[in-house]
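Have a look at the structure below, then the notes.
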Amino acid sequence: GQQVMQIPQYQHVQEGEDFTTYCNSSTTLSNIQWYKQRPGGHPVFLIQLVKSGEVKKQKRLTFQFGEAKKNSSLHITATQTTDVGTYFCAGVMNSGGSNYKLTFGKGTLLTVNP
Amino acid sequence: NAGVTQTPKFQVLKTGQSMTLQCAQDMNHEYMSWYRQDPGMGLRLIHYSVGAGITDQGEVPNGYNVSRSTTEDFPLRLLSAAPSQTSVYFCASSYTTTYEQYFGPGTRLTVT
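Here the protein sequences come in this chain order: W and V. The working numbering applies: residue 33 is where the first sequence begins, and numbers increase by one. The working numbering applies: residue 239 is where the second sequence begins, and numbers increase by one.
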């Protein structure tokens, strides 16, 4: 079945340092999504990338989708303590019509030292 | 809008007991799904539904049943609880055209 690998599993940074998490799929994806889960909370949707080579920015967050639509990355510039949480990528595989499945990576837990 | 609601928030079961985790959404989303989250394992899809009367299996369906009689509700049934089902369970919903998942607050289940 489809697998989505995410690295690193953990990342500890000093406040102000940059952070990047990477996602690789074993198969070509329809879309890829990114979610953030704060400790004790539920996953919250951040963004979806659809096109090959797409780059999107949200303030200090930059998301990229690879040319082959099999890998993606999330980069945070100048981390803040509010960035703490687990970041998940989720690959969307569309089986046709309204039938689709999401396969989540195992997530990267980001901790930030103030 | 309440969004996606889940009950109960916490539950402790003994091995062999059965129970139903409730999930409801008020956004008229066609797609609903159940995930379990275990430490270091990410979110794994249990079952999903693309509309009332239609359900399908995800990655880890064994030991769980679902049904979708209405657009709003998608209950998850544990037939005979086992310690391996100790986990946090999240329900999610979305439109089938946008894929953006709205997650409920989760149910923390412990099976002893």
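In this text, a Cβ means the ideal position worked out from N, Cα and C, and glycines have one as well.
Beta-carbon contacts of residue 132 (chain W) that lie in its chain and below 8 Å, excluding the five residues immediately before and after: 62, 124, 125, 126
Those residues which DSSP pairs with residue 257 (chain V) across a bridge: V:316
Can you tell me which residues form a DSSP beta bridge with residue 81 (chain W)? W:64
What are the partner residues of residue 88 (chain W), as DSSP defines its beta bridges? W:95
In angstroms with no decimal places, state the Cα-to-Cα distance between residue 75 (chain W) and residue 307 (chain V). Their Cα atoms are separated by approximately 26 Å.
Separation of residue 305 (chain V) from residue 258 (chain V), as counted between CA atoms: If you draw a straight line from the Cα of residue 258 (chain V) to the Cα of residue 305 (chain V), it comes to about 11 Å.
How big is the Cα-Cα spacing for residue 58 (chain W) and residue 102 (chain W)? Put simply, the backbone Cα of residue 58 (chain W) is about 7 Å away from that of residue 102 (chain W).
Could you tell me whether the Cβ atoms of residue 117 (chain W) and residue 69 (chain W) are closer together than 7 Å? At the C-beta level, residue 117 (chain W) and residue 69 (chain W) come within 7 Å of one another.
So residue 276 (chain V) is in the beta strand (DSSP E); what residue range does that whole segment cover? 269-276
Since residue 44 (chain W) is in the beta strand (DSSP E), which residue starts that stretch and which ends it? 42-46
Chain W residues whose Cβ lies nearer than 8 Å to that of residue 339 (chain V): 65, 67, 75, 77, 122, 134
Taking 7 Å as the cut-off, decide whether the C-beta atoms of residue 302 (chain V) and residue 284 (chain V) are in contact. yes
Chain W partners of residue 265 (chain V), CB-CB under 9 Å? One finds nothing in chain W with a Cβ atom closer than 9 Å to the Cβ of residue 265 (chain V); even the nearest lies about 13 Å away.
6 Å Cβ shell around residue 245 (chain V) - same chain, five flanking residues per side excluded: Result list for residue 245 (chain V): 260, in chain order.
For residue 111 (chain W): DSSP bridge partner residues: DSSP, once it has assigned bridges, lists no residue as partnering residue 111 (chain W).
Strictly under 7 Å for the Cβ-Cβ distance: is residue 259 (chain V) near chain W by that measure? no
Mind checking who residue 262 (chain V) pairs with in its DSSP beta bridge? DSSP output for residue 262 (chain V) lists V:243, V:311 as bridge partner(s).
Buried or exposed: residue 85 (chain W), going by 16 or more other Cβ atoms within 10 Å of its Cβ? So residue 85 (chain W) counts as exposed.
Do you know offhand how far residue 47 (chain W)'s Cα is from residue 107 (chain W)'s? 14 Å
Thinking just about the alpha-carbon of each residue, which of W:71, W:90, W:104 is nearest to the one in residue 24 (chain W)? Because chain W here runs from 33 to 146, residue 24 (chain W) falls outside it and cannot be looked at.
What is the rounded straight-line gap between the Cα of residue 323 (chain V) and the Cα of residue 344 (chain V)? Annotation: residue 323 (chain V) to residue 344 (chain V) spans about 14 Å, alpha carbon to alpha carbon.
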